[in-house]
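Have a look at the structure below before the remarks.
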Amino acid sequence: MRIQILPSLLAADLACLGREIQRVAEAEADALHLDIMDGHFVPNLSFAPDTSALCKKYLPADFPINTHLMMTNPDAYAMRFIEKGSTTIQFHLEMREQVDICKLADEIHTKGARVGLALNPDTPAEAAHPYLECADELLCMTVFPGYGGQTFIADVLPKIKQLRAMAPAIDIMVDGGINFETAELAAAAGANAFVAGSFLFKQPDMKSAIKELRMRCQKAFAHP
Ligand code: DX5
Ligand code: ZN
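The letter at position 135 of the sequence shown is residue 172 when you use my numbering, and the numbering goes up by one with no holes.
Laid out in structure tokens, this is it:
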């Protein structure tokens, strides 16, 4: 499976956001990860649909914008993000009682974007089972969402293994506390896509850090 590395813009220097967005493409990342917080699903606020437009302006035309909606009402915003340039929309399974997951996934697919289903650390793998057909990727949170710079929760590793066994062909992405060591653990458990915020943005040379991260994950990823 293709190993993917996605820097999270949440950890960028907001005083020079345009330049930080360019840095992600120059570092040969696979996509930019854009974290959207609503102050309800998570106790914090971050970016808005116009941030997608800003990313698009500073990125090469075909560079993917992977948008993680930490929101109670992703259905009210998904289309707005796609219109502004987001190419993947990830939303949370914890909202499955309130949000029609497959209907929203269909709408996103109709607009030509990819669908990711996100699971908080305490949401079991089984919760994703009924929705696997609707999703292009699973986003396995390795911290409780809301803030960058938190510590990787290793208790999530068995769940990644379970998800990989349930969905051998799907992209499994991890998000939260990712660095060289934790990425290797997640890759060995079956993850093939890695979001990293603080770890990558604090690197003086993001390009060589991504290169090394990719190499380590490729080695540790033991699944065909
Ligand atoms: C957490 C966000 C993450 C976060 C990752 O709420 O979904 O994407 O930015 O940041 P680090 O890599 O610093 O844990
Ligand atoms: Zn995220």
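We treat Cβ as the ideally placed atom computed from N, Cα and C, and that holds for glycine. Please read these numbers as outputs of a predicted model, since none were measured by experiment.
Do residue j and residue i have their beta-carbon atoms positioned less than 8 Å apart in this structure?
i, j, result
"Phe189", "Gly213", "yes"
"Ala155", "Gln135", "no"
"Phe238", "Ala64", "no"
"Ala115", "Leu141", "yes"
"Val211", "Phe236", "no"
"Met132", "Asn157", "no"
"Met203", "His166", "yes"
"Gly55", "Ala90", "no"
"Thr88", "Leu71", "yes"
"Phe217", "Ile40", "no"
"Ala226", "Leu194", "yes"
"Leu200", "Leu176", "no"
"Ile247", "Ala228", "no"
"Ile102", "Lys93", "yes"
"Met38", "Phe78", "no"
"Arg117", "Pro97", "no"
By the three-class DSSP mapping on this structure, what secondary structure does residue i have?
i, result
"Met210", "strand"
"Glu174", "strand"
"Gln199", "helix"
"Met108", "coil"
"Gly153", "strand"
"His129", "strand"
"Ala49", "coil"
"Phe258", "coil"
"Pro205", "coil"
"Phe118", "helix"
"Ile145", "helix"
"Ile138", "helix"
"Gln41", "strand"
"Ala164", "helix"
"Ala228", "coil"
Thinking just about the alpha-carbon of each residue, which of the options is nearest to the one in residue i?
i, options, result
"Val61", "Ile73, Met74 and Leu46", "Leu46"
"Asp173", "Pro195, Arg39, Ile119 and Ala206", "Ala206"
"His146", "Lys93, His70, Glu249 and Ile119", "Ile119"
"Leu69", "Tyr168, His77, Asp112 and Glu57", "Glu57"
"Asp159", "Ala113, Glu249, Ala98 and His129", "His129"
"Tyr168", "Pro44, Pro111 and Ile138", "Ile138"
"Cys171", "Glu144, Lys196 and Phe181", "Glu144"
"Leu234", "Phe78, Ala66 and Met108", "The question names Leu, but residue 234 in the sequence shown is Gly. Ranking Phe78, Ala66 and Met108 by Cα distance to Gly234 puts Ala66 first."
"Asn110", "Met252, Ala52 and Asp75", "Asp75"
"Ile73", "Thr104, Gln240, Gln59 and Leu43", "Thr104"
Within the present structure, is the beta-carbon of residue i separated from the nearest heavy atom of ligand 4 by less than 7 Å?
i, result
"Leu250", "Among the ligands modelled here, namely ligand 1 and ligand 2, ligand 4 does not occur."
Check: Is the stretch 213–223 touching the stretch 72–85, taking contact as three or more C-beta pairs under 8 Å?
Finding: Short answer: they don't touch.
Notebook entry, point to check: Unbroken beta strand (DSSP E) runs of length 3 or more, entirely within the stretch 61–101: which are they?
Noted result: Complete beta strand (DSSP E) runs here, min 3: 69–74.
Check: For the stretch 136–152 against the stretch 175–192, are there 3 or more C-beta pairs whose distance is under 8 Å?
Finding: With the cut-off at 8 Å, the stretch 136–152 and the stretch 175–192 do not touch.
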